[in-house]
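Its first residue numbered 25, the sequence shown is counted upward by one per residue in the numbering used here.
C-beta: ideal position from N, C-alpha, C; glycine also.
All values derive from a computational prediction rather than experimental measurement.
Structure first, then comments.
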Amino acid sequence: MLDRKLIKNFDFTLFITTVLIIIYGLIILSSATNVTMARGGDHLVFVKKQSLWFLIGLASIAVILRLDYTSFLKYSKVIYVLNIALLVAVQFVGEEQKGAQSWIPIGPFYLQPSEFAKIAMVITFAVYLAKREGKLKHFRDLVPTFIFFGIPMGLIILQPDLGTALVFIAIYFGMLFVAGARPRNLIILILAGALLVGGILTAQLGFGLEKPLKPYQLNRLTVFLDPYKDPRGAGYHVIQSLVSLGSGGPLGKGLYRGTQTQLNFLPEQKNDFIFSVVGEEFGFVGAMVLLVLFYIFVIRGIKIAMASKDMLGTLLATGIVSMIVFHLLVNIGMTAGIMPITGIPLPLFSYGGSSMLSNMIGVGILLNVYMRRQVLTF
């Protein structure tokens, strides 16, 4: 049982906000998958699966809360090795879906190790940086961090899963900044990375270089600039998403009444473009409600990072918040046509068991840090 002093420190605001986001997502998911009913299937099958992962996530939070987050200091090496092992296993026993070999079949379910890799890297990198507090002032001090993050990130790029690799970068820079790395050095790294990516894109688009990005990945990265250049191909997703968002108006067309959604014009409507379903069926108001819930979630996460009793807790909260914020910016920006299509889901909202469970583990870590923000005396 948890100590009563810990229970008093429980962040009910964060927990209730998380539950409300998930319930909202289940309602939207029921509409986004309603088209299966017309084909003779159970239109609630995805809602039932997502609800199951939600319950498993709640159980995971209960387990995490019983553990002191400082125990990660002892087990971080094991977590890192298991993370690498799973990512390597994907290369041999994984199944390919949507152009990426990222899923390991386990009975009727599919495990996506790259989703759990995000949480694993937050935990292990937090321990790594906490042990080196005050020792990140020079550029040479950052070199070991490249290797630490580079190994799992390289394995994810091999799948290839470009979206998750980008999330890794957001986690990396967010945690390094809070850990005390000099902003100047981080800016140099960002600029160097931007030049590298720009060089690769130029080489592939202008000179026909075949690797490292596949043609469909190149199209996704560039088509958002002008989706009407290829309206029936790479630009189709963006165009249909913009039509869905724009047609919702202030209050939307109503649940199960969105024509883009119900007539299946909107692609990936239960995953990457589920925010477009919100805009079409619940309108601007419905979209703002969701954004306000996420705003509360992020603000609570930042406050937890600031209130932590030690650097380890601060870094754990920072990593989770960095991950969630990047997901939000890219996914919503993608549906609005201002960001490239990278296959990044809307956290706690898009359909996906691995994504749901990994994000709820992240919530559990935030709650854990907040509950133990004070040194208990007995």
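Of all alpha-carbon atoms in 388, 188, 398, 378, the one lying nearest the alpha-carbon of residue 75 is that of 378.
In the DSSP assignment, residue 190 falls within the unbroken alpha helix (DSSP H) covering 186-203. For the 9 Å CB-CB criterion, residue 251 and residue 361 form a contact. The three-state secondary structure of residue 135, taken from DSSP, is strand.
Going by beta carbons, residue 55 and residue 285 fall inside the 9 Å limit. In this structure, the alpha-carbon of residue 167 lies about 28 Å from that of residue 353. Closest by C-alpha distance to residue 169, out of 181, 155, 180, is 155. Only buried fits residue 35, as 16 or more other CB atoms lie within 10 angstroms of its CB.
Contact annotation, residue 194 with residue 180: C-beta distance approximately 14 Å; criterion of less than 8 Å not satisfied. Around the C-beta of residue 288, fewer than 16 other C-beta atoms lie within 10 Å, and the residue is accordingly described as exposed. Taking 9 Å as the cut-off, the beta carbon of residue 149 is found closer than this to the beta carbon of residue 172. In this structure, the alpha-carbon of residue 210 lies about 15 Å from that of residue 153.
No Cβ-Cβ contact shorter than 9 Å links residue 111 with residue 203. In this structure, the straight-line span from the alpha carbon of residue 334 to that of residue 322 is close to 20 Å.
As DSSP reads the structure, residue 292 sits in no beta bridge. Taking 9 Å as the cut-off, the beta carbon of residue 374 is found closer than this to the beta carbon of residue 296. For the pair residue 276 and residue 177, the Cα-to-Cα distance works out to about 40 Å. Following the DSSP letters along the chain, one finds residue 55 inside the alpha helix (DSSP H) bounded by residues 36-56. Contact between residue 290 and residue 265 holds: CB atoms are separated by about 7 Å, below the 8 Å threshold.
Assignment of beta-bridge partners to residue 328 by DSSP yields no partner. In this chain, the beta strand (DSSP E) harbouring residue 121 covers 119-121. Residue pairing by DSSP places residue 124 opposite 121 in a beta bridge. For residue 130, the secondary structure class from DSSP, reduced to helix, strand or coil, is strand. One Cα belongs to residue 85, the other to residue 114, and the distance between them is close to 26 Å. Distance from the Cα of residue 157 is smallest, within the candidate group 129, 206, 185, for 206. Contact between residue 305 and residue 273 does not hold, since their C-beta atoms are separated by about 11 Å, which reaches or exceeds 8 Å. A buried status is given to residue 247, since no fewer than 16 other beta-carbon atoms sit within 10 Å of its beta-carbon. In this structure, the beta-carbon distance from residue 44 to residue 71 does not fall below 9 Å. Here residue 157 carries a coil assignment [DSSP, helix/strand/coil]. The C-beta separation of residue 301 from residue 268 comes to about 7 Å, placing the pair in contact by the 8 Å criterion. Here residue 395 is near residue 89, since their CB atoms are less than 9 Å apart. The beta carbon of residue 80 sits closer than 7 Å to those of 381, all from its chain and outside the five residues before and after it, given in chain order. In the displayed model, residue 366 falls within coil according to three-state DSSP, outside both helix and strand. Taking all protein chains in view, the Cβ of residue 364 is crowded by 16 or more other Cβ atoms within 10 Å, so the residue is classified as buried.
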